[in-house]
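Everything below concerns the one structure shown next.
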Amino acid sequence: MTPHEAASMQTIVRALAEGRQADALAMATRLLEGAPDAADAWHVAAICFADEGRHAEADDAFREALRLAPAHPMIVLNQARWLGRIGRHAEALGAWQTLTRRAGAGGEDWLGLARCCLALSRYREAAQAFESAAKAGADPIRVACGIASAFQELGELDTAESVLRGCADQARNAPEIQLALANIERLQGRPESAIERIES
Numbered sequence: 003m004t005p006h007e008a009a010s011m012q013t014i015v016r017a018l019a020e021g022r023q024a025d026a027l028a029m030a031t032r033l034l035e036g037a038p039d040a041a042d043a044w045h046v047a048a049i050c051f052a053d054e055g056r057h058a059e060a061d062d063a064f065r066e067a068l069r070l071a072p073a074h075p076m077i078v079l080n081q082a083r084w085l086g087r088i089g090r091h092a093e094a095l096g097a098w099q100t101l102t103r104r105a106g107a108g109g110e111d112w113l114g115l116a117r118c119c120l121a122l123s124r125y126r127e128a129a130q131a132f133e134s135a136a137k138a139g140a141d142p143i144r145v146a147c148g149i150a151s152a153f154q155e156l157g158e159l160d161t162a163e164s165v166l167r168g169c170a171d172q173a174r175n176a177p178e179i180q181l182a183l184a185n186i187e188r189l190q191g192r193p194e195s196a197i198e199r200i201e202s
C-alpha cells in the first residue's frame, strides 16, 4: 500500500469509527478501484455492507479480505460476529474456531465460540469453550452462567447448580449468578427456594 493509500485508509477507518458508514463505504470503494488488493478496504466494505443488510455483498467482501489477508484476526472476528448476528451459526462456528486456534486467543474469542456452540445446540462443546474462556481470563460470572446454561440444556441440573455454587464468593453473590441459581431451583421443582433467593 502506497503512503497515499495508507492515508486514505486512515480517513476511511476514522469515518467508520464515527458512524459515517456511507462515507466509509464510498471512500473504500474508490480506494479499491485503484488498489483492488487492499485487504483493509475490503474489510471496511464488508462491515458497511453487513450493517446495511447487504448480505451477498458482505459475503463477497469478507471473502476477498480474507483471501488477501488469510486468518487476519480482526477480519475473522467481524465476520464471525456478523454471521452469528444474522443466524448463520454453522458458518460462524468455523470463524470462531479459526480465532481460538491461533496463539494468544483471548477470553472473548472463546466466549464467542461458546455462544455459537450454544446456538447450534452443541452443549458439551459450549461448556468446554466456556472453560477455555475462563483460562484465557474471561469474566468469571459470564463463564459460570454460560457453563450452567449448557448443562441446563443437557438436563444436568445438579451439575449446573454445582457450577454456579462453585464460583468464588464475589462472583457467587452477583445478581446474575443468583438469578441463574433461582432458575435452576425452579426447574428442580423448588419454587419456594427460587422465590426466596430472588427476594433476598
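Counting from 3, one number per residue, gives the positions in the sequence shown under our numbering.
Beta carbons are placed, not taken as given, at the ideal position from N, Cα and C, and that holds for glycine.
* **Continuous alpha helix (DSSP H) assignments of at least 4 residues falling wholly in the stretch 14-87** => 23-36, 41-53, 57-70 and 75-87
* Quick one: measure Cβ to Cβ for residue 29 and residue 13, integer angstroms, because I've assumed they're closer than 8 Å. => If you number the sequence shown from 1, residue 29 lands on position 27. If you number the sequence shown from 1, residue 13 lands on position 11. 6 Å between Cβ atoms; contact.
* To do: Using three-state DSSP, classify residue 129 as helix, strand or coil.
  => The residue given as residue 129 occupies position 127 in the sequence shown. Residue state, collapsed to three classes: helix.
* Short check: CB of residue 136 to CB of residue 152, under 8 Å? -> Looking up residue 136 in the sequence shown gives position 134. Looking up residue 152 in the sequence shown gives position 150. Residue 152 sits away from residue 136, with the two beta carbons spaced by 8 Å or more.
* **Extent of the continuous alpha helix (DSSP H) run through residue 100** => For the purposes of this step, residue 100 is taken as residue 98 along the sequence shown, with counting starting at 1. Where residue 100 is concerned, the enclosing alpha helix (DSSP H) stretches over 91-103.
* Looking at C-alpha atoms only, which residue of 177, 201 and 10 is the closest neighbour of residue 37? -> Mapped onto the sequence shown, residue 37 falls at position 35. Nearest option by C-alpha distance: 10.
* Counting along the chain, where does the alpha helix (DSSP H) carrying residue 161 start and finish? -> Your numbering for residue 161 matches position 159 in the sequence shown. 159-167 is the span of the alpha helix (DSSP H), which, as asked, contains residue 161.
* Asked: From residue 132 to residue 7, what does the alpha carbon distance come to, in whole angstroms?
  -> Here the question's residue 132 lines up with position 130 in the sequence shown. Here the question's residue 7 lines up with position 5 in the sequence shown. The straight-line gap from Cα to Cα measures roughly 41 Å.
* Just how far apart, CA to CA, sit residue 171 and residue 80? -> To locate residue 171, count along the sequence shown from 1; it is residue 169. To locate residue 80, count along the sequence shown from 1; it is residue 78. Distance between the alpha carbons of residue 171 and residue 80 is about 35 Å.
* Bounding residues of the alpha helix (DSSP H) (the contiguous stretch that carries residue 190) -> One-based indexing of the sequence shown puts residue 190 at position 188. From DSSP, residue 190 is part of no alpha helix (DSSP H); its letter is neither H nor E.
* Alpha-carbon spacing of residue 102 relative to residue 21, whole angstroms -> Locating residue 102 in the sequence shown gives position 100, where the first residue counts as 1. Locating residue 21 in the sequence shown gives position 19, where the first residue counts as 1. The C-alpha of residue 21 is placed about 29 Å away from the C-alpha of residue 102.
* To do: Run the CB neighbour count on residue 198, radius 10 Å, all protein chains shown included, and call it buried at 16 or more, exposed below.
  => Position 196 of the sequence shown, counted from the first residue, corresponds to residue 198. Exposed.
* Asked: To the nearest angstrom, how far is it from the Cα of residue 118 to the Cα of residue 16?
  -> Taking the first residue of the sequence shown as position 1, residue 118 is located at position 116. Taking the first residue of the sequence shown as position 1, residue 16 is located at position 14. Cα to Cα, residue 118 sits roughly 30 Å from residue 16.
* Asked: What's the gap between the Cα of residue 97 and the Cα of residue 182?
  -> Walking along the sequence shown from the start, residue 97 turns up at place 95. Walking along the sequence shown from the start, residue 182 turns up at place 180. Rounded to the nearest angstrom, the two C-alpha atoms are 29 Å apart.
* Asked: Ordered along the chain, which non-local residues of its own chain (more than five positions away) have a Cβ less than 7 Å from that of residue 195?
  -> As a first step, residue 195 must be located in the sequence shown, where it is residue number 193. Only 187 meet the Cβ criterion.
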